[in-house]
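As they're listed, the protein sequences go chains A and B.
So in our numbering, the last spot in the first sequence is 248, and the numbers never skip.
So in our numbering, the last spot in the second sequence is 248, and the numbers never skip.
Okay, so here's the structure we're looking at.
There are 2 protein chains.
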Amino acid sequence: MHQTFDAALEINLLHANQAGADHNRAHFDAWGITCFNLMSSPGAGKTVLLEKTLATLSSELKLAVIEGDMTTELDADRLRQYGVPVIAINTGRSCHLDAKMVAGGLHRLEQEHNPAELEVVFVENVGNLVCPAEFEVGEHAKVALLSLTEGEDKPLKYPIMFREANCLLITKMDLAPYLEADLQRIEANIRQMNSQATIIPVSARTGEGLDAWFNWVRQQVSKCNRSRPHRHLSAETPLAQI
Amino acid sequence: MHQTFDAALEINLLHANQAGADHNRAHFDAWGITCFNLMSSPGAGKTVLLEKTLATLSSELKLAVIEGDMTTELDADRLRQYGVPVIAINTGRSCHLDAKMVAGGLHRLEQEHNPAELEVVFVENVGNLVCPAEFEVGEHAKVALLSLTEGEDKPLKYPIMFREANCLLITKMDLAPYLEADLQRIEANIRQMNSQATIIPVSARTGEGLDAWFNWVRQQVSKCNRSRPHRHLSAETPLAQI
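See the structure below:
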């Protein structure tokens, strides 16, 4: 639910959110956690990507998930089967997670687990290609998924998401033979918006591209850990109320 | 861009929007126009559905389109090829059309065409399964599209859209052989949210279901026209500034 007209209110809102995101990130850094914010349209495959990711990476990294949905714990229940902590946040009428909601999730993570023992938190955002891109939650990297079925023009029509992402996964590649989608054109349209992001075509069904995705995750974790040599500063640091 | 926390502000915002929507609808009614608001996730097939609809129905009904996108006129340009008036609205950072934006579109329609000669206006909303459902724009019927590729759980996870819709099109049915989607389960999940809506599985590629969709549009137009016997009250009625 939204405010669209009051520019000053918008700036205040984003400013307050940014302060909350910075606060969350400070805690992630103190705990030695690398946080990924996964965003896409509904049904592009965030949850199945996380299922594949938890199945493979949970043997080498200590993982947790913060799962955002307007309502239901359907996705959270799917992910709990992989034996990692999953905190479900229902956003109600809100179309995106914001820093305050994620701080609430971190409080619950702190109560139920020891965050300093974790290495990665995946945040699965509400399915929406517009608004999640504007609300940082304290992540170290933004991951956007675009399903091959959504069409080549989406990077041009939803520019903020494609500009902000550090990694772009083009999902459902197994459907390529049955679509008229032109992968090169999708990549060229992404490049118009973002010259830096890593682009990985993937299919959860065939496994195409998943190794490249896992390697990208590993690299980000290493990069984050190198940038904060004194990790696990204090396992007891409480997450202050925002 | 959004406000999520201030309940009073939200109520004021929706209240103001509703007044604008009622105002737009009064003009549609005075002009004898039936207005449809098309909503879905990005890439579910709103624009291709409109292409098929304009190609078939423009010989029997006087049509126009108000086309909402965050940026670009890509979709508007696709639809202009069908020889009907197309008004493009760029919403900028806003993730939905609201009544005021559509009123602006109606002003432009009034300047460039005679609305009293039109019978149908299709509003194509921004691709977003969350927020457009809450902002009426003056439509007589809400149409939601759900692509078969998006998954069976979406009616449960995005309840407002599925509760509000008068017609639900399940799109990309031609991909059914290549997916594990269960159409009966999708329909059952929709029915949990909405016992009344017309549900039509369609494929723009094979033509499946399009006749049923065209007939539903024709029925809505007839129903609207029967409910306002004095149509075309005044072709000169100006659209007052909101």
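Note that the Cβ used here is the ideal one computed from N, Cα and C, for glycine as well.
Fair warning: this is a prediction, and the values are worked out from it, not measured in the lab.
Bridge partners - A:Glu130, DSSP secondary structure assignment: A:Leu44, A:Glu73
Coil, strand or helix - A:Pro165 by DSSP: helix
Environment of B:Ser249 [buried if 16+ CB atoms lie within 10 Å]: Residue numbering for chain B in the displayed model covers 7 to 248; residue 249 of chain B lies beyond these limits and cannot be assessed.
Cross-chain neighbours of A:Val129 in chain B, by beta carbon under 7 Å: Chain B residues near A:Val129: none, gap ~16 Å exceeds 7 Å.
When A:Ala25, A:Val54, A:Gln117, A:Thr204 are compared against A:Phe128, the one with the closest alpha-carbon: A:Val54
A:Asp188 at chain B interface by Cβ criterion, 8 Å: no
Residue-level contact to chain B via CB, A:Arg234, 8 Å cutoff: no
Local Cβ density within 10 Å of B:Ser228, reported as buried at 16 or more and exposed below that: exposed
Residue nearest to A:Thr155 in terms of C-alpha spacing, selected from A:Gly49, A:Gln24, A:Leu19, A:Asn195: A:Gly49
Integer-rounded CB distance, given that A:Glu142 should sit under 8 Å from A:Gln24: 6 Å
Cutoff 8 Å: A:Pro165 Cβ touching any chain B Cβ: yes
DSSP beta-bridge partners of A:Ile196: A:Ile196 is not bridged to any residue.
Alpha-carbon to alpha-carbon, A:Ala61 and A:Arg84: 12 Å
Uninterrupted beta strand (DSSP E) stretches inside the segment 78-163 of chain A (no shorter than 3 residues): 92-96, 126-130, 147-153
B:Asp83 at chain A interface by Cβ criterion, 8 Å: no
Chain A contacts from the segment 143-160 of chain B (Cβ-Cβ distance under 8 Å): Ser153, Thr155, Glu156, Gly157, Asp159, Lys160
Min CB distance A:Ser209 to chain B below 8 Å: no
Contacts that B:Lys178 makes with chain A (C-beta to C-beta distance below 8 Å): Thr155
Beta-carbon proximity check, A:Thr77 vs B:Pro138, cutoff 8 Å: no
Boundaries (first-last residue) of the beta strand (DSSP E) holding B:Ile205: 204-207
Contact set for B:Ser209: own chain, Cβ-Cβ below 6 Å, skip 5 residues either direction: Met179, Asp180
Contact set between the segment 29-57 of chain B and chain A, restricted to residues whose Cβ is under 7 Å from the partner: Ser47, Pro48, Gly49
Within chain A, partners of B:Leu80 - CB distance below 9 Å: Asp159, Leu162, Lys163
Inter-stretch contact (C-beta, 8 Å, three-pair minimum) for the segment 108-117 of chain B and the segment 25-32 of chain B: yes
Where B:Leu55 falls: helix, strand or coil (DSSP): helix
Range covered by the alpha helix (DSSP H) that runs through A:Leu19: 13-37
Pairwise C-alpha distance: B:Val132 and A:Leu249: An answer regarding residue 249 of chain A cannot be provided, because it is not within the stretch 7 to 248 covered by chain A.
Closer than 8 Å to chain E by CB, B:Asn96: Of the protein chains in the structure, A and B, none is chain E.
Residue from B:Ser64, B:Ile39, B:Leu103 whose Cα sits closest to the Cα of B:Leu20: B:Leu103
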